[in-house]
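Notes follow the structure.
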Ligand code: NAP
Ligand code: ZN
Ligand code: ZN
């Protein structure tokens, strides 16, 4: 067994603490990865605090992983020792259902295995443990190549691409966002800031809706053509009915009605935030009188995630990050709850090895 040091939460009310566990021995198609960096997603916080009422403790979060291959199983062809690779939110799926066959493993109809907190098929009575740890063993089919264009000094800043990046890239592609479309992005956090960069690179006109006055300047710097303070009714009234598509990344329960008013006829608002508490009910009149739609979207499949990485390399898109040592994770969660992230925390996993 491969002894691994990680950080885990033992309950929903206690901080994350050092935790030692084993990774499985390599199977034929496994890749052993020494983790260098791991992004901190708001989903990690939802999981640790049991917001979705599904957490099994101990939980080792982390699904924005960059690392270096240290070993490969006997039949691995696509990777070799020394390769720089990434692992996102999924580490396996049934591979046979209609969704899996179409490269949409995230919608697997049978048994998708999340990077953490999913039943671990290789151990009895254990869940998968994520990237807040020194190493991970993952099937090569769920391991991603880091495009050569990215430089070594960019590795920490690309970690968030495999969750925050793909979760915003996938719906932007699905709804054909590009030149000639006007897109609203709601919430400027990890997902929101990636959404602005990606939608701009796709050629769209972007309007950011934020509740934070101090993020207005940053929103423009990130590429938004317009920034609207969503808690100011006066500002919200100015831009009504102007968006073809809205991507709502907010992590908390909030009034969705105000955003429907910003859609054009036949427009869609896609939710990606998964708050602990339900949103207040929507006014159906908004859907009926403008034939607008409310939708959702879940990360992206492996093929599309690789495509997104190539797109980001081509457009030199990385995340704006604050690199933290492992022991600052509990403080980072508190800041995330206050919307005080600019714009993604990334853990320097080397700091864990020194613990
Ligand atoms: P984050 O970095 O914490 O950003 C969330 C942003 O939402 C905040 O920065 C803030 O932006 C806004 N916000 C927070 N509380 C608010 C409130 N009460 N009212 C209005 N706006 C508020 O979180 P993230 O990592 O981007 O994740 C966002 C959500 O997406 C989480 O729920 C996460 O679990 C979910 N997620 C879903 C998927 C998927 O596949 N669907 C994948 C990854 C994450 P402003 O300061 O600009 O208002
Ligand atoms: Zn995530
Ligand atoms: Zn499947």
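Residue numbers (my numbering): 8 to 362.
Every residue, glycine too, gets a C-beta built ideally from N, C-alpha and C.
Source: prediction; values computed, not measured.
Residue 343: CB within 7 Å of a non-hydrogen atom of ligand 1: yes
Pairwise C-alpha distance: residue 151 and residue 354: 19 Å
Contact between the stretch 144–162 and the stretch 222–238 (3+ Cβ pairs under 8 Å): no
Around ligand 2, Cβ to any heavy atom closer than 5 Å, ordered along the chain: 48, 50, 170
Contact belief for residue 42 with residue 74 at Cβ below 8 Å, rounded distance in angstroms: Between residue 74 and residue 42 the Cβ distance is about 4 Å, and since that is below 8 Å, they are a contact.
DSSP beta-bridge partners of residue 79: 38
Alpha-carbon to alpha-carbon, residue 126 and residue 132: 7 Å
Proximity test, residue 23 beta-carbon vs ligand 1 heavy atom, cut-off 7 Å: no
Host beta strand (DSSP E) of residue 354 (start-end): 351–355
Complete beta strand (DSSP E) runs within the stretch 214–256 (minimum length 3 residues, chain order): 233–236, 250–255
Residue 120 - partner residues in DSSP beta bridges: 99
Residue 336 burial status per 10 Å Cβ neighbour count (16 or more: buried): Residue burial is scored here from C-beta neighbours: residue 336 has at least 16 other C-beta atoms within 10 angstroms and is therefore classed as buried.
Beta-carbon spacing of residue 94, residue 39 below 8 Å: no
Same chain, Cβ closer than 6 Å to residue 358, five either side skipped, listed in chain order: 332, 333
Test item: CB-CB of residue 190 and residue 206 under 8 Å: yes
Closer than 7 Å: residue 61 CB and nearest ligand 5 heavy atom: This structure simply doesn't include ligand 5; it includes ligand 1, ligand 2 and ligand 3 instead.
Residue interval of the beta strand (DSSP E) (run including residue 274): 270–278
Inter-residue spacing [alpha-carbon to alpha-carbon] between residue 216 and residue 98: 33 Å
Own chain partners of residue 260 with C-beta closer than 8 Å, once the 5 adjacent residues on each side are dropped: Taken in chain order, the residues that qualify are 282, 283, 284, 285, 286, 287.
beta-carbon residue 311 near ligand 3 non-hydrogen atom, thresh 7 Å: Checking the 7 Å criterion, the Cβ of residue 311 is out of range of every heavy atom belonging to ligand 3.
Own chain, CB closer than 7 Å to residue 444, minus 5 neighbours either side, in chain order: Here the chain has residues from 8 to 362 only, and residue 444 is not among them.
Secondary structure of residue 345, DSSP reduced to three states: Under the three-state reduction of DSSP, residue 345 is assigned to coil, being neither helix nor strand.
Residue 64 to residue 240 span [Cα, whole Å]: 43 Å
Span separating the alpha-carbon of residue 321 from that of residue 21: Whole-angstrom Cα-Cα distance: 42 Å.
Exposure label - residue 27; buried when at least 16 CB within 10 Å: exposed
Contact between the stretch 77–88 and the stretch 44–52 (3+ Cβ pairs under 8 Å): no
Nearest-angstrom Cα separation, counted from residue 36 out to residue 147: 6 Å
beta-carbon residue 282 near ligand 1 non-hydrogen atom, thresh 7 Å: A heavy atom of ligand 1 is found nearer than 7 Å to the CB of residue 282.
Coarse secondary structure for residue 197, derived from DSSP in three states: helix
C-beta atoms of residue 327 and residue 310 nearer than 8 Å: Result no, Cβ atoms of residue 327 and residue 310 do not sit closer than 8 Å.
Expected contact under 8 Å - CB spacing of residue 316 and residue 168 to nearest Å: 6 Å
Alpha-carbon spacing of residue 237 relative to residue 254, whole angstroms: Residue 237 and residue 254 have their C-alpha atoms roughly 14 Å apart.
Three-state secondary structure assigned by DSSP to residue 329: strand
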